[in-house]
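Down below is the structure, laid out as C-alpha coordinates.
Residue numbers (the numbering used here): 62 to 153.
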(Lines of atoms letter the chains of each structure in order from A and count residues from 1; the text may use other names and numbers.)
(Lines give C-alpha, C1' and ligand atoms only; values in the text may rest on other atoms or scores of the structure.)
Protein backbone atom coordinates (compact mmCIF):
# COMPACT_ATOMS: atom_id res chain seq x y z
CA UNK A 1 0.00 0.00 0.00
CA UNK A 2 1.32 3.43 -0.96
CA UNK A 3 0.94 6.28 1.54
CA UNK A 4 0.85 10.05 1.05
CA UNK A 5 1.64 12.10 4.18
CA UNK A 6 1.30 15.87 4.23
CA UNK A 7 1.51 18.48 6.95
CA UNK A 8 1.00 22.23 6.72
CA UNK A 9 0.83 25.13 9.13
CA UNK A 10 -2.28 27.30 9.17
CA UNK A 11 -3.56 30.44 10.86
CA UNK A 12 -7.27 29.63 11.04
CA UNK A 13 -9.34 30.47 14.08
CA UNK A 14 -11.64 27.87 15.65
CA UNK A 15 -14.67 28.83 13.54
CA UNK A 16 -12.64 28.64 10.32
CA UNK A 17 -11.24 25.26 11.35
CA UNK A 18 -14.75 23.93 11.91
CA UNK A 19 -15.92 25.24 8.54
CA UNK A 20 -12.88 23.73 6.77
CA UNK A 21 -13.52 20.31 8.30
CA UNK A 22 -17.18 20.44 7.28
CA UNK A 23 -16.26 21.41 3.69
CA UNK A 24 -13.68 18.64 3.50
CA UNK A 25 -16.07 16.01 4.86
CA UNK A 26 -18.72 17.08 2.34
CA UNK A 27 -16.21 17.00 -0.54
CA UNK A 28 -14.92 13.55 0.39
CA UNK A 29 -18.44 12.17 0.62
CA UNK A 30 -20.11 13.95 -2.28
CA UNK A 31 -17.38 14.32 -4.90
CA UNK A 32 -15.29 11.24 -4.14
CA UNK A 33 -17.95 8.87 -2.81
CA UNK A 34 -16.08 8.13 0.41
CA UNK A 35 -17.68 7.15 3.67
CA UNK A 36 -16.69 9.78 6.22
CA UNK A 37 -16.60 9.71 10.01
CA UNK A 38 -15.62 12.61 12.20
CA UNK A 39 -14.40 12.63 15.78
CA UNK A 40 -13.49 16.03 17.22
CA UNK A 41 -10.89 17.56 14.88
CA UNK A 42 -10.17 14.36 12.91
CA UNK A 43 -11.88 13.09 9.78
CA UNK A 44 -11.52 9.45 8.77
CA UNK A 45 -12.50 8.49 5.25
CA UNK A 46 -12.68 5.36 3.17
CA UNK A 47 -13.37 5.30 -0.54
CA UNK A 48 -12.87 3.03 -3.49
CA UNK A 49 -9.10 2.56 -3.68
CA UNK A 50 -8.18 5.03 -0.94
CA UNK A 51 -8.59 5.72 2.77
CA UNK A 52 -7.05 8.02 5.31
CA UNK A 53 -7.29 10.65 7.99
CA UNK A 54 -7.08 14.41 8.26
CA UNK A 55 -6.45 16.09 11.60
CA UNK A 56 -6.72 19.83 12.10
CA UNK A 57 -5.37 21.34 15.30
CA UNK A 58 -4.69 24.93 16.32
CA UNK A 59 -1.49 25.20 14.24
CA UNK A 60 -1.31 22.38 11.69
CA UNK A 61 -3.31 20.24 9.34
CA UNK A 62 -1.94 16.72 9.00
CA UNK A 63 -3.19 14.26 6.43
CA UNK A 64 -2.45 10.69 5.51
CA UNK A 65 -3.93 9.00 2.46
CA UNK A 66 -3.44 5.30 1.82
CA UNK A 67 -3.74 4.31 -1.82
CA UNK A 68 -4.86 0.91 -2.99
CA UNK A 69 -3.13 -1.05 -5.72
CA UNK A 70 -5.04 0.53 -8.61
CA UNK A 71 -4.39 4.08 -7.35
CA UNK A 72 -0.62 3.71 -6.88
CA UNK A 73 0.27 4.82 -10.41
CA UNK A 74 -1.58 8.09 -9.72
CA UNK A 75 0.29 8.89 -6.49
CA UNK A 76 2.16 11.87 -7.97
CA UNK A 77 -0.98 13.39 -9.46
CA UNK A 78 -2.98 12.80 -6.28
CA UNK A 79 -0.22 14.34 -4.14
CA UNK A 80 -0.13 17.47 -6.31
CA UNK A 81 -3.91 17.82 -6.16
CA UNK A 82 -3.92 17.49 -2.37
CA UNK A 83 -1.11 20.06 -2.07
CA UNK A 84 -2.97 22.49 -4.34
CA UNK A 85 -6.14 22.07 -2.28
CA UNK A 86 -4.25 22.67 0.96
CA UNK A 87 -2.60 25.77 -0.47
CA UNK A 88 -5.98 27.09 -1.62
CA UNK A 89 -7.95 26.45 1.57
CA UNK A 90 -5.21 27.37 4.04
CA UNK A 91 -4.57 30.69 2.29
CA UNK A 92 -8.09 31.91 3.15
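Where a beta carbon is used, it is the ideal one built from N, C-alpha and C, also for glycine.
Run the CB neighbour count on residue 137, radius 10 Å, all protein chains shown included, and call it buried at 16 or more, exposed below. Taking the first residue of the chain shown as 1, we reach residue 137 at position 76. Exposed, since its Cβ has fewer than 16 Cβ neighbours within 10 Å.
8 Å Cβ cutoff met for residue 69 and residue 127: Walking along the chain shown from the start, residue 69 turns up at place 8. Walking along the chain shown from the start, residue 127 turns up at place 66. No; because the gap between Cβ atoms is not below 8 Å, this pair is not in contact.
Roughly how many angstroms separate the alpha carbons of residue 146 and residue 84, rounded to a whole number? Stepping through the chain shown from its first residue, residue 146 is reached at position 85. Stepping through the chain shown from its first residue, residue 84 is reached at position 23. Whole-angstrom Cα-Cα distance: 12 Å.
Ordered along the chain, which non-local residues of its own chain (more than five positions away) have a Cβ less than 6 Å from that of residue 129? Numbered from its first residue, the chain shown carries residue 129 at position 68. Within the same chain, residue 129 has close Cβ partners 110.
Does the beta-carbon distance from residue 99 to residue 86 come in below 8 Å? As a working mapping, residue 99 is identified with position 38 in the chain shown. As a working mapping, residue 86 is identified with position 25 in the chain shown. The answer is yes: Cβ separation under 8 Å.
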